[in-house]
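S.K.:
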Amino acid sequence: MSVLPLATPSPLHTSFDIPNARPSSVSNRVPVIFRRLFRFHQMDFELAAWQLTYLCLAPKRVYRNVYFHKQTKNTWARVLMIFRDYLLVGIVVATLLWLFSNRVLVSPPSHSTPADSTVEWAYAFDVHTNAFFPLYLTLYLTQLFFVPVILKSNWICLFVSNTLYLAAFSQYIYGLYLGLNALPFLVRSELLLAPLLPLFTGYVVSLLGFNVAKHVLPLYFGS
Numbered sequence: 019m020s021v022l023p024l025a026t027p028s029p030l031h032t033s034f035d036i037p038n039a040r041p042s043s044v045s046n047r048v049p050v051i052f053r054r055l056f057r058f059h060q061m062d063f064e065l066a067a068w069q070l071t072y073l074c075l076a077p078k079r080v081y082r083n084v085y086f087h088k089q090t091k092n093t094w095a096r097v098l099m100i101f102r103d104y105l106l107v108g109i110v111v112a113t114l115l116w117l118f119s120n121r122v123l124v125s126p127p128s129h130s131t132p133a134d135s136t137v138e139w140a141y142a143f144d145v146h147t148n149a150f151f152p153l154y155l156t157l158y159l160t161q162l163f164f165v166p167v168i169l170k171s172n173w174i175c176l177f178v179s180n181t182l183y184l185a186a187f188s189q190y191i192y193g194l195y196l197g198l199n200a201l202p203f204l205v206r207s208e209l210l211l212a213p214l215l216p217l218f219t220g221y222v223v224s225l226l227g228f229n230v231a232k233h234v235l236p237l238y239f240g241s
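Heads up: the sequence shown begins at 19 in the working numbering, then just goes up one per residue.
(1) Within the continuous alpha helix (DSSP H) that includes Y104, where are the two ends?
(2) Between Y154, A185 and S119, which lies nearest to V107 when the distance is taken from Cα to Cα?
(3) Thinking C-alpha only, which one of F203, F187, N229 and A200 is nearest A212?
(4) Using the Cα positions of G227 and L215, report the straight-line distance between them to the nearest angstrom.
(5) Output yes or no for whether 8 angstroms exceeds the beta carbon distance between L210 and Y195.
(6) How many angstroms separate the CA atom of L198 from the CA atom of S207?
(7) Please go through the same chain and pick out, in chain order, the residues whose beta-carbon is closer than 8 angstroms to the beta-carbon of I109, but skip the five residues on each side of it.
(8) Looking only at its own chain, which residues have a Cβ that is under 6 angstroms from the Cβ of H146, when we skip the five neighbours before and after it?
(9) Whose C-alpha, out of T136, L157 and S135, is nearest the C-alpha of D103?
(10) Buried or exposed: where does V223 fall if 16 or more other Cβ atoms within 10 Å of its Cβ makes it buried?
(11) On a Cα-Cα basis, can you pick out the residue from S125, L117, V234 and L123 that is closest to Y183?
(12) Alpha carbon to alpha carbon, how far is V165 from S125?
(13) What is the residue span of the alpha helix (DSSP H) that S188 lies within?
(14) Under the DSSP definition of a beta bridge, which residues are partnered with L204?
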């Protein structure tokens, strides 16, 4: 009988083991920033607003604060909800604009309109980017200073809250219209202003007692 230790054969990987291992390996390859896009409780709105302000006033102070972010969050990077709103909503809006404008708004071929005149998807996304900036200033910065007011339970505060959202989305819709109206080969671009009617109707109805900010802000920060 041999006194040497015998090598124990490693268990064979069955077809049932491999699928169980794949999800973890796939998730490990996905960057953390993408896995956190929908984790609202991990997004620091106040820190984002603070950094945006000091990027204009004192940029050096922003990067000095990165060290403390590493100590508290154990990461150098951060996930801003504005990136999710800007990128994901932008992709959806740009795709809808691209499809709608090319199928409905492009004028028939003529001497002044070449047959290959089409709206590029990249241009539609650029239009979204330009239109998003006024909305960002209204809802991501101005609203921050009005939070102590708009969350109070009285009609004046409800009016201020809902008017902020009306102004923000009206600016966004009008910005989309201006972007596509600038293209000479598009006709009936006024159709892009159609969402203003249900938006204003919803605003008037909301003044009866529905505070938009009280329902939107908890989606980002919790109750």
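For every residue, glycine included, the Cβ atom is placed at its ideal position computed from N, Cα and C. Note that the coordinates shown come from a computational prediction; the quantities given were computed from them, not determined experimentally.
M.R.: The answer reads as follows:
(1) Numbered from 1 along the sequence shown, position 86 holds the residue referred to as residue 104. That residue, Y104, is in no alpha helix (DSSP H); it is neither H nor E in DSSP.
(2) As a first step, residue 107 is located in the sequence shown; it is residue number 89 there, counting from the start. Among Y154, A185 and S119, the Cα nearest to that of V107 is on Y154.
(3) Position 194 of the sequence shown holds residue 212. Ranking the options by Cα distance to A212, first place goes to F187.
(4) Locating residue 227 in the sequence shown gives position 209, counting from the first residue. Locating residue 215 in the sequence shown gives position 197, counting from the first residue. Roughly 20 angstroms separates the two Cα atoms.
(5) Within the sequence shown, the letter at position 192 stands for residue 210. Within the sequence shown, the letter at position 177 stands for residue 195. Yes, they are a contact pair.
(6) Sequence index remark: in the sequence shown, residue 198 carries index 180 (1-based). Sequence index remark: in the sequence shown, residue 207 carries index 189 (1-based). When rounded, the distance between both Cα atoms is 7 angstroms.
(7) In the sequence shown, the residue the question calls residue 109 occupies position 91. Excluding sequence neighbours, I109 sits near F143.
(8) The count along the sequence shown starts at 1 and reaches residue 146 at position 128. Excluding positions up to five away in sequence, the list reads G108, V111 and A112.
(9) Start at 1 with the first residue of the sequence shown, and residue 103 comes out as number 85. Of the candidates T136, L157 and S135, the one whose C-alpha sits nearest the C-alpha of D103 is L157.
(10) Here residue 223 corresponds to residue number 205 of the sequence shown, with the count starting at 1. Flag for V223 reads exposed.
(11) Numbered from 1 along the sequence shown, position 165 holds the residue referred to as residue 183. That would be V234, whose Cα lies nearest to the Cα of Y183.
(12) The residue labelled residue 165 in the question sits at position 147 within the sequence shown. The residue labelled residue 125 in the question sits at position 107 within the sequence shown. Roughly 46 angstroms between the two C-alpha positions.
(13) Here residue 188 is taken as the residue at index 170 of the sequence shown, counted from 1. Run containing S188: W173 to N199, per the alpha helix (DSSP H) assignment.
(14) Your numbering for residue 204 matches position 186 in the sequence shown. Answer by DSSP bridge pairing, in chain order: V124.
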